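A short write-up of the structure that comes next.
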Amino acid sequence: MNRQGRADAVDQEMAVRLLPEEALTALRSWWVRNEQTYPDGTPGAHAVVYAPARWAPITPWPAGLAPTSHAGDARVSRAEVTGMVADGLRREAFREALIATYVWGKGKSGTPGGSGPSTLGKILAAANLDAVLAASVTALCERGAVDAYTVLHKAVPGFGPSFFTKFLYFAGQALPTAPDPRPLILDRVLSLRLRALAAALGRETGVDPEGTVAAWVWAEWDWTPHRYDVYLSFMHAAARQIAGTQAWPSGATVDLLECALFGGAW
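The sequence shown finishes on residue 267 if you use the numbering used here, and the numbering steps up by one all the way, no holes.
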């Protein structure tokens, strides 16, 4: 069996087994700690802290974010970003929508010369950016998340999956008629969570005893459209799995599971 065949075998095993019991137990504990924060079963209240002044060179600045003249820190939640993205998409102000999602995704992490304002400035300077963002939204509405991911994959220098899936996620939240499965954020943290699960199954089944295939497919960045498809299928199935237990709120959205895994629930 070649490497791709072994990867497919592990993917199939993950799709059958989904989350192990220890994960369900950990997620149950996470929900007990966070029930009051997310009483509606969505991560809409999940907020990040950012420093508006740090983003002063970035335009067009979304009106829903604190002005860049604001001294000190500000907070912005997923629900607030969804509102900004919905407004931006209605006006075809794709850059504003992107900036809102990027600032939320970055928060206060990184350095001025790193993947914060400097990198965003380079992304905004790409000649094809507007066309690519518009095409991705059209693909999301007409064909779904994986096709939209394919449009964005390697299309704009510096705009990798960790951040363009945030754009897709919020666009999906703002466009409730987009086909299922709905887009979710996929970044390094979430990929490493699934790598650990894939590696454990690979060892148990003997298909990937050293975990090298798991490390290959669940890399730290630059996931293929196929890998994003596998990720979405797993996450949506896992959300249905946990919804059938006493560990999770009834009617919770799939992105609550993504939020919990990102936050280190398991």
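Virtual Cβ for every residue (Gly too), placed ideally from N, Cα, C.
Because the structure is a prediction, the values reported are computed rather than measured.
Beta-carbon spacing of residue i, residue j below 7 Å
i	j	result
residue 200	residue 215	yes
residue 168	residue 99	yes
residue 28	residue 197	no
residue 172	residue 147	no
residue 11	residue 202	yes
residue 76	residue 50	yes
residue 45	residue 252	no
residue 141	residue 182	no
Beta-carbon contacts of residue i that lie in its chain and below 6 Å, excluding the five residues immediately before and after
i	result
residue 224	162
residue 194	262
residue 180	145
residue 24	267
residue 107	117
residue 74	50 and 52
residue 3	none
residue 80	45
Residue i versus residue j - alpha carbon distance
i	j	result
residue 153	residue 226	10 Å
residue 248	residue 53	38 Å
residue 94	residue 175	14 Å
residue 129	residue 84	25 Å
residue 127	residue 120	11 Å
residue 156	residue 63	24 Å
residue 159	residue 96	15 Å
residue 55	residue 246	44 Å
residue 188	residue 70	30 Å
residue 204	residue 14	12 Å
residue 177	residue 110	30 Å
residue 238	residue 131	34 Å
residue 33	residue 89	35 Å
residue 39	residue 20	22 Å
residue 250	residue 243	9 Å
residue 133	residue 231	23 Å
Beta-carbon contacts of residue i that lie in its chain and below 8 Å, excluding the five residues immediately before and after
i	result
residue 136	152
residue 206	10, 11 and 14
residue 31	261, 264, 266 and 267
residue 36	250
residue 61	94, 96, 97 and 100
residue 18	202
Proximal residues to residue i (C-beta, below 7 Å), its chain only, five neighbours per side dropped
i	result
residue 122	58 and 59
residue 7	208, 209 and 214
residue 102	82, 86, 167, 168 and 171
residue 236	185, 255, 258 and 259
residue 164	103 and 106
residue 16	234, 235 and 238
residue 78	45, 46, 47 and 48
Expected contact under 8 Å - CB spacing of residue i and residue j to nearest Å
i	j	result
residue 229	residue 170	About 12 Å separates the two Cβ atoms, so there is no contact after all.
residue 240	residue 218	Their Cβ separation, rounded to whole angstroms, is 21 Å, which puts residue 240 and residue 218 out of contact at 8 Å.
- Query: What are the uninterrupted segments assigned as alpha helix (DSSP H) that are 4 or more residues long and contained completely in the region 104–166, given in chain order?
  - Reply: List check, alpha helix (DSSP H) in window: 118–125, 130–143 and 146–153.
- Message: Going residue by residue through the region 31–76, where are the continuous beta strand (DSSP E) segments of at least 3 residues, counting only ones entirely within it?
- Response: The qualifying runs are 48–51.
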